[in-house]
Amino acid sequence: MSADQKQGDKLPADVSLQLNAIRREFLESVSTVLLTLALVGLPLSLSRTYNTGLNFNHAAHLCITALIFVVFFVRKNMADRRLLIMIMLIFSMLSLAAFVKYGIVSAGFFFAATCVFIAVMALGVWGGVICAASYFAVIGLMAYLWMSGLLTFEGNLQEYILLPSVWALLSVAFIITTAVFFVSANGFFRRLKELVGAVVEQRQEMQEQAEELIRMNSELESALSEVKTLSGLLPICSHCKKIRDDKGYWNQIEVYIQDHSEADFSHSICPDCAKKIYPQMKLYDN
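Residue numbers (numbering that gives the first Met the number 0): 0 to 285.
Pasting the structure below:
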């Protein structure tokens, strides 16, 4: 690929800044959604200890909640890439912990889908493809571990799925997943509206400038057309001093010059002619 092609593939600086601002706003909004998940989800998760007892999943939720609080309160000082990594790590931990402990009856798929969506929004299509492929491999591994009996469900599954706290936690996971999508869509369309408004305003300014240039160009052409200059070889009568024009007519020299320049004539008489024609008037006698 040539250097010109590479340069053409690059985005203008202002567009790149706008995209970075959209991505930053999206990531900070997701960190706020995660804080809501921690505040609502952790109590619901711990409420199941009465039925299931403390287990690996509860410990994971405590660690993830602590990480969510840290990320939320230091998000302003974190670079975009680091904030993205931490957010994807949190959703990955939530998904993995859910799959390990509860398998297919967990909220693991919600968190996995959210993580893939965030990857697409922040890293582009190929980032989302890589993230989805990674999750596909992890889910395949989880399926193998469960089907081979290496991972087992502790307790009575039928009783577990009847617990209100389980349904509440799954509902929270679904709401959080939906909230991430809504946050993304809201930020994207709001920014898009701002960008479209800026483009329309810029287009109007460019149109006004173009109209002004057209007007100035028209005035310039009109002014140039009015500028008359004399050039070339002028056929002039050696006796009467008339000049022949382009149409073959002989005109007085003052008429020809007036028609072909901006000069005007004011008639007078020179001393020699005055003595010759009006000698009795003595116009130039001292």
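Yeah, the Cβ is synthetic: ideal placement off N, Cα and C, and Gly gets one too.
Within the same chain, Cβ atoms closer than 6 Å to the Cβ of residue 36 are found at 175, the five residues on either side in sequence being excluded. In this structure, the CA atom of residue 181 is about 47 Å from the CA atom of residue 213. Under DSSP, residue 54 forms no beta bridge with any residue. Exclusion of the five residues before and after residue 134 leaves 111 as the residues of its chain whose Cβ lies within less than 6 Å of its Cβ. Counting C-beta pairs with one atom in each stretch, the segment 96-105 and the segment 118-132 have fewer than three that are closer than 8 Å, which means they do not touch.
Annotation for residue 17: 190, 194 place their beta carbon closer than 8 Å to its own, counting only its chain and skipping 5 residues before and after. For the pair of segments examined, the segment 66-77 was found to touch the segment 24-41: the number of CB pairs separated by less than 8 Å reaches three. The three-state secondary structure of residue 268, taken from DSSP, is coil. Taking C-beta separations shorter than 8 Å and ignoring five residues to either side along the sequence, the partners of residue 61 in its chain run 41, following chain order. Linking residue 163 to residue 136 through their CA atoms gives a straight-line distance of about 32 Å. Residues of the same chain with a CB within less than 7 Å of the CB of residue 93, apart from the 5 flanking positions on each side, are 63, 110 in chain order. The beta carbons of residue 250 and residue 241 sit closer together than 8 Å. In this structure, residue 117 lies away from residue 171, with their beta-carbon atoms at least 8 Å apart.
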